[in-house]
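Novice: Heads up: take any position in the sequence shown, counting from 1, add 1367, and you land on the numbering used here. By construction, the Cβ of each residue, glycine as well, lies at the ideal position given by its N, Cα and C atoms. These numbers were taken from a predicted model, which means no experiment stands behind them.
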Amino acid sequence: MTGKTVNETERMVVTRVFDAPRELVWKAWTDPKYVMQWWGPKGFTSPHCQIDFRVGGKFLCSMRTPDGQEFWNGGEYHEIVLHEKIVSSMYFSDSKGNKIDPAELGIEHEAIEDAYDVTLFEDLGNGQTRLTFIGNEPMESAKNSGQLEGWNQILDKIAEVLAELVQTN
1368 MTGKTVNETE
1378 RMVVTRVFDA
1388 PRELVWKAWT
1398 DPKYVMQWWG
1408 PKGFTSPHCQ
1418 IDFRVGGKFL
1428 CSMRTPDGQE
1438 FWNGGEYHEI
1448 VLHEKIVSSM
1458 YFSDSKGNKI
1468 DPAELGIEHE
1478 AIEDAYDVTL
1488 FEDLGNGQTR
1498 LTFIGNEPME
1508 SAKNSGQLEG
1518 WNQILDKIAE
1528 VLAELVQTN
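#1: With DSSP as the reference, label V1422 as helix, strand or coil.
#2: Contact check, G1424 vs Y1401 under 8 Å by CB: the rounded distance?
#3: State the Cα-Cα distance for the pair E1471 and F1411, rounded to the nearest angstrom.
#4: Is it true that the CB of T1382 sits closer than 8 Å to the CB of T1499?
#5: Would the segment 1518 to 1536 count as touching the segment 1474 to 1493 if we require 3 or more Cβ pairs under 8 Å?
#6: Per DSSP, which residues does K1510 bridge with? Please list them.
#7: Look up E1531 in the DSSP assignment and give the residues it is bridged to.
#8: Please report the straight-line C-alpha distance between W1405 and E1504, rounded to a whole angstrom.
#9: Could I get the ranges of all uninterrupted alpha helix (DSSP H) runs contained in the segment 1393 to 1443, with 4 residues as the minimum, in chain order?
#10: List the residues that DSSP assigns as beta-bridge partners of G1492.
#11: Near I1453, what residues of its chain come up, given a Cβ to Cβ distance below 6 Å and the 5 sequence neighbours on each side ignored?
#12: Tell me whether R1542 is buried or exposed, calling it buried when 16 or more other Cβ atoms sit within 10 Å of its Cβ.
Structure follows, in structure tokens:
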């Protein structure tokens, strides 16, 4: 894993507007019951997700490929502003949450030194919310490694979860 310092504007950023109120988007992003429905790109499932949602709390989620291979991500929450902002670290891990080098998994990931992931939730009114995810890798690297495409697929899956949540709330 290469550490690199870059400007905020060079970081991977994905944005999506959802037809759901901000509180529901927040719930879908933070409640393990819903995270398990969207964690991982298209075709992946998430059979395990634990979240201790508080500053200093940790999370651990698995994603299973269509052919049954399992990958784990762990992380920690560094800042939480209710319904507005989450600052967290995320890393590849083993099933116990121990950090591992993505290269061990054959994954290219160029992390930005001391950069945390930032998720912003913006209430646009009329029951719409803009979610912005700022990742911890350079945009160019994210495009080349498939991370950007993966995050866009994740946002598609979140839209499906939210469509269901909007109907039941």
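Specialist: The structure says:
#1: coil
#2: The pair is not a contact, with the Cβ atoms about 17 Å apart (cut-off 8 Å).
#3: 20 Å
#4: With respect to T1382, T1499 sits close: the two C-beta atoms are nearer than 8 Å.
#5: These segments do not touch.
#6: Bridge partners of K1510: none, in fact.
#7: None; E1531 has no bridge partner.
#8: When only Cα atoms are considered, W1405 and E1504 end up about 21 Å apart.
#9: Entirely contained in the segment 1393 to 1443, the alpha helix (DSSP H) runs reaching 4 residues are, in chain order, 1399 to 1405.
#10: Q1495
#11: Here the set comprises I1447 and T1486.
#12: Summary: the structure shown does not reach residue 1542, with the chain confined to residues 1368 through 1536, and so no result is reported for it.
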